[in-house]
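A short worksheet on the structure shown next.
Okay, structure coming up:
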């Protein structure tokens, strides 16, 4: 793993030069004064690089994160987005658990809704986001909540499907055993099906976490919002500040990885007792 | 044999009450919508209408419950279709009863009319977004993912070195990548194709590697004792055991591909595509066109998903 990282760092420099040199040559040919002699030299100090040079990365990081809790700094906005995502994930878990229970309990419910649950995942949420924001605004719900709801909309499906699979996972022998103990359906559900579904739940939560993060970033882009990584992305995309975009992208990636790691930690805590199997 | 035929027939006789109930509730909702559409102004008290719609929906739910019994084809299809029809009709009636302005939520009938009126533009957009961006990106991403997975299984150091990064990168939100790629590659469709390909790549790599390694050691030993060549082992054992995993990834990515193409279009296009259309029309409050675009996108998305599922059933008979 380290060796590959090393190789990636070694390729980075020539790749960066190769990606930028064409643009630098074009700017020089058009007579722009870049304060440097040859195209190769200019490749590391373009204002709009395709791939930023290391020192540009460094200044970009410093500009975006030095007072870490300022309204325009990336760490603060990442926290806002992370909060929205977690709230959305919580909403999605509740909805997903209810749906999974219904799907497992009633076949008519499954037949009537499952095709549309699948179809709901092919609806471009980005299109719904602005309308949802306007609609919720009518009922006085603003700011944090619409984004969490949009995140939840994207994230509920993997949770519902994974959980339904998990609730069905106990094998018939175990169900028979519960029946011979005269366990009520509720007891079977609580003592057998729920514990059996936990590994499935956490696997699907990891998938859902990434999806929810995409949801809240998209929601920030397409609704009126004043903070969050999505809003920073939209603004810097409009301002063509490529270095900032790269920095925000790295922050977003770190946030996604952190969320998945958080769920992994939770999983370790909750299902720690099943380790020695 | 006798037992199955009995179990098939018994629910059929029970479901007799399902059809009339469904028909009754659908016709009732349709009538409500028509009565409301005939009125010039929204009614003073919407509560009565709300109760009527809820009662008819409840009737429909019982109908769905009844007609979902048994294993017949009708019992599989009717409930799903009824759910959609009833929900659309109920939405129509409620939106009319409450006099919700079209600028907030357009009624389904208005969306249908706009869909027909703007069909040429929407189909062009759909061609642009689906064929050029989503489908091409999907194919490229899948092929690249399979090649990478094969290389990772063949060379241990790649598996140790590259796979952890693939798992890491798969938790990166793809919207964060979109602006950077579009700035680098340009506003044309190729930048969106690349974004879709990258989204598809990671799930395919991770699942394909897991699948290629899921071949049972006993089967591999058997092939070894038959003195099978590595190519034969691959063709007969590893590839078949990898296919289910690959198809799982493809099914998930099929819906993601279209959505990501649309999201990516939000960061800049040359004026084509469903994402562009949606963004423009939201700005103009042309929400009926937005909903029409959403309908087009989800029809394409569902068809693509079903196509992949059908291919899976074709190549992996005996699995669901």
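Protein chains in written order, with UniProt numbering: chain F, 1 to 277; chain E, 1 to 320. In this text, a Cβ means the ideal position worked out from N, Cα and C, and glycines have one as well.
(message) Tell me whether the stretch 242 to 250 of chain E and the stretch 163 to 171 of chain E touch, counting them as touching only if at least three CB pairs, one residue from each stretch, are closer than 8 Å.
(response) no
(request) Would you tell me roughly how many angstroms separate the C-alpha atoms of residue 153(F) and residue 215(F), rounded to the nearest one? (result) Sequence index remark: in the first chain, residue 153(F) carries index 153 (1-based). Sequence index remark: in the first chain, residue 215(F) carries index 215 (1-based). The C-alpha of residue 153(F) lies about 8 Å from the C-alpha of residue 215(F).
(message) Quick check: the Cα distance between residue 268(E) and residue 185(E), rounded to an integer number of angstroms?
(response) As a first step, residue 268(E) must be located in the second chain, where it is residue number 268. As a first step, residue 185(E) must be located in the second chain, where it is residue number 185. One C-alpha to the other measures close to 11 Å.
(message) For residue 272(E), count the other beta carbons within 10 Å of its own beta carbon; 16 or more makes it buried, fewer makes it exposed. Which is it?
(response) One-based indexing of the second chain puts residue 272(E) at position 272. That one is buried.
(request) Quick one: residues in its chain with C-beta nearer than 6 Å to the C-beta of residue 20(F), no 5 flanking neighbours on either side, listed in chain order? (result) In the first chain, the residue the question calls residue 20(F) occupies position 20. Only 43, 46, 49, 50 meet the Cβ criterion.
(message) Using CA atoms only, rank isn't needed, just tell me which of 170(E), 264(E), 105(E), 39(E) is closest to residue 233(F).
(response) Taking the first residue of the first chain as position 1, residue 233(F) is located at position 233. Closest option to residue 233(F), Cα to Cα, is 264(E).
(request) Starting from residue 292(F), follow the alpha helix (DSSP H) in both directions and report where the run begins and ends. (result) Limits of chain F in this structure are 1 at one end and 277 at the other, which puts residue 292(F) out of reach.
(message) Counting only Cβ-Cβ distances shorter than 7 Å, please list the residues of the stretch 241 to 271 of chain F near chain A, keeping chain order.
(response) Annotation note: the requested chain A is absent from the structure, which comprises protein chains F and E.
(request) Kindly say whether residue 192(E), judged by its beta-carbon, lies nearer than 8 Å to any beta-carbon of chain F. (result) Counting from one through the second chain, the residue named residue 192(E) turns up at place 192. Chain F, which has no Cβ nearer than 8 Å to the Cβ of residue 192(E), makes this no.
(request) Determine whether the Cβ of residue 142(E) lies closer than 8 Å to any Cβ atom of chain F. (result) The residue labelled residue 142(E) in the question sits at position 142 within the second chain. Closer than 8 Å: no.
(request) Throw me the rounded Cβ distance for the residue 240(E) and residue 210(F) pair, which I believe falls under 8 Å. (result) What you label residue 240(E) is simply residue 240 of the second chain in a count that begins at 1. What you label residue 210(F) is simply residue 210 of the first chain in a count that begins at 1. Going by Cβ atoms, the distance from residue 240(E) to residue 210(F) rounds to 30 Å, so no, they are not a contact pair.
(message) Against chain E, with Cβ distances strictly below 8 Å, would residue 225(F) count as a contact?
(response) For the purposes of this step, residue 225(F) is identified with residue 225 of the first chain, where counting begins at 1. Not closer than 8 Å to any Cβ of chain E, the Cβ of residue 225(F) fails to qualify, so no.
(request) Report yes or no: do the stretch 136 to 153 of chain E and the stretch 196 to 206 of chain E share at least 3 C-beta pairs separated by less than 8 Å? (result) yes
(request) Using a Cβ cut-off of 8 Å (strictly closer), state whether residue 131(F) contacts chain E. (result) Residue 131(F) sits at position 131 when you count from the first residue of the first chain. Chain E contact via Cβ: present.
(request) Compile a chain-ordered list of the residues in the stretch 105 to 127 of chain F whose CB is closer than 9 Å to at least one CB of chain E. (result) 106, 107, 108, 109, 110, 111, 112, 113, 114, 115, 116, 118, 119, 120, 121, 122, 123, 124, 125, 126, 127
(message) Between residue 276(F) and chain E, is the shortest Cβ-Cβ distance under 8 Å, so that the two count as touching?
(response) Against the first chain, residue 276(F) aligns to sequence position 276. The pLDDT assigned to residue 276(F) is 44, lower than 50, so where the model puts this residue is not dependable; a value taken from the coordinates is nonetheless given after this. Not an interface residue.
(request) State whether the stretch 300 to 315 of chain E contacts the stretch 247 to 260 of chain E, with contact taken as three or more CB pairs (one from each stretch) at a distance under 8 Å. (result) yes
(request) Please check the pair residue 197(F) and residue 157(F), which I expect to be a contact at CB under 8 Å, by giving their CB distance rounded to whole angstroms. (result) Within the first chain, residue 197(F) is the residue found at index 197, counting from 1. Within the first chain, residue 157(F) is the residue found at index 157, counting from 1. Wrong, their Cβ atoms sit about 16 Å apart, outside the cutoff.
(message) Would residue 246(F) and residue 54(F) qualify as a contact pair, given that the criterion is a beta-carbon distance under 8 Å?
(response) Here residue 246(F) refers to the residue found at position 246 of the first chain. Here residue 54(F) refers to the residue found at position 54 of the first chain. No; because the gap between Cβ atoms is not below 8 Å, this pair is not in contact.
(request) Name, going along the chain, the residues of the stretch 66 to 88 of chain F whose beta-carbon falls closer than 8 Å to a beta-carbon of chain E. (result) Correct list: empty, as no residue qualifies.
(message) Using beta carbons (cut-off 8 Å, strictly below), is residue 9(F) in contact with chain E?
(response) If you number the first chain from 1, residue 9(F) lands on position 9. No, its Cβ sits nowhere closer than 8 Å to a Cβ of chain E.
(request) Check the Cβ of residue 20(E) against every Cβ in chain F and list those closer than 9 Å, keeping chain order. (result) Taking the second chain and counting its residues from 1, the one referred to as residue 20(E) is at position 20. Residues of chain F passing the Cβ test: none, with the nearest at roughly 17 Å.
(request) Determine the direct distance from the alpha carbon of residue 277(E) to that of residue 78(E), and round the result to whole angstroms. (result) Start at 1 with the first residue of the second chain, and residue 78(E) comes out as number 78. Start at 1 with the first residue of the second chain, and residue 277(E) comes out as number 277. Roughly 34 Å between the two C-alpha positions.
(message) Quick check: the Cα distance between residue 262(F) and residue 81(F), rounded to an integer number of angstroms?
(response) Here residue 262(F) corresponds to residue number 262 of the first chain, with the count starting at 1. Here residue 81(F) corresponds to residue number 81 of the first chain, with the count starting at 1. Distance between the alpha carbons of residue 262(F) and residue 81(F): 15 Å.
(request) Identify the contact partners of residue 135(F) in chain E, using a Cβ-Cβ distance below 8 Å as the criterion. (result) Taking the first chain and counting its residues from 1, the one referred to as residue 135(F) is at position 135. Chain E residues near residue 135(F): 104, 105.
(request) In the DSSP assignment, find the unbroken alpha helix (DSSP H) run with residue 181(F) in it and report its ends. (result) The residue you call residue 181(F) lines up with position 181 of the first chain. For residue 181(F), there is no enclosing alpha helix (DSSP H), since its DSSP letter is neither H nor E.
(message) Distance check for residue 82(E) and residue 62(E), CA to CA, integer angstroms please.
(response) Translated into positions along the second chain, residue 62(E) becomes position 62. Translated into positions along the second chain, residue 82(E) becomes position 82. Answer to the nearest angstrom: the Cα atoms are 11 Å apart.
(message) Going by beta-carbon coordinates alone, are residue 85(E) and residue 26(E) separated by less than 8 Å?
(response) As a working mapping, residue 85(E) is identified with position 85 in the second chain. As a working mapping, residue 26(E) is identified with position 26 in the second chain. Yes.
(request) Alpha carbon to alpha carbon, how far is residue 96(F) from residue 147(F)? Give it in angstroms, no decimals. (result) Residue mapping note: residue 147(F) aligns to position 147 of the first chain, counting from 1. Residue mapping note: residue 96(F) aligns to position 96 of the first chain, counting from 1. Roughly 18 Å separates the two Cα atoms.
(message) Assess contact between the stretch 91 to 100 of chain E and the stretch 215 to 235 of chain E, defined as three or more Cβ pairs (one per stretch) separated by less than 8 Å. Is contact present?
(response) no
(request) Could you check if residue 281(E) is buried or exposed, using at least 16 other CB atoms within 10 Å of its CB as the buried criterion? (result) Numbered from 1 along the second chain, position 281 holds the residue referred to as residue 281(E). Residue environment analysis places residue 281(E) among the buried positions, since at least 16 neighbouring C-beta atoms fall within 10 angstroms of its C-beta.
(message) Would residue 235(E) pass as an interface residue toward chain F - the criterion being a Cβ-Cβ separation below 8 Å?
(response) Reading the second chain from its first residue, position 235 is the one you call residue 235(E). So, not an interface residue.
(message) If the criterion is Cβ atoms closer than 8 Å, does the pair residue 136(F) and residue 144(F) meet it?
(response) Here residue 136(F) corresponds to residue number 136 of the first chain, with the count starting at 1. Here residue 144(F) corresponds to residue number 144 of the first chain, with the count starting at 1. No, these two residues do not count as a Cβ contact at 8 Å.
(request) Quick one: give me the first and last residue of the alpha helix (DSSP H) that residue 253(E) is part of. (result) For the purposes of this step, residue 253(E) is identified with residue 253 of the second chain, where counting begins at 1. First-last of the alpha helix (DSSP H) with residue 253(E): 239 to 265.
(message) Once DSSP output is grouped into helix, strand and coil, what is the label at residue 158(E)?
(response) In the second chain, the residue the question calls residue 158(E) occupies position 158. Reduced to three states, the DSSP call for residue 158(E) is helix.
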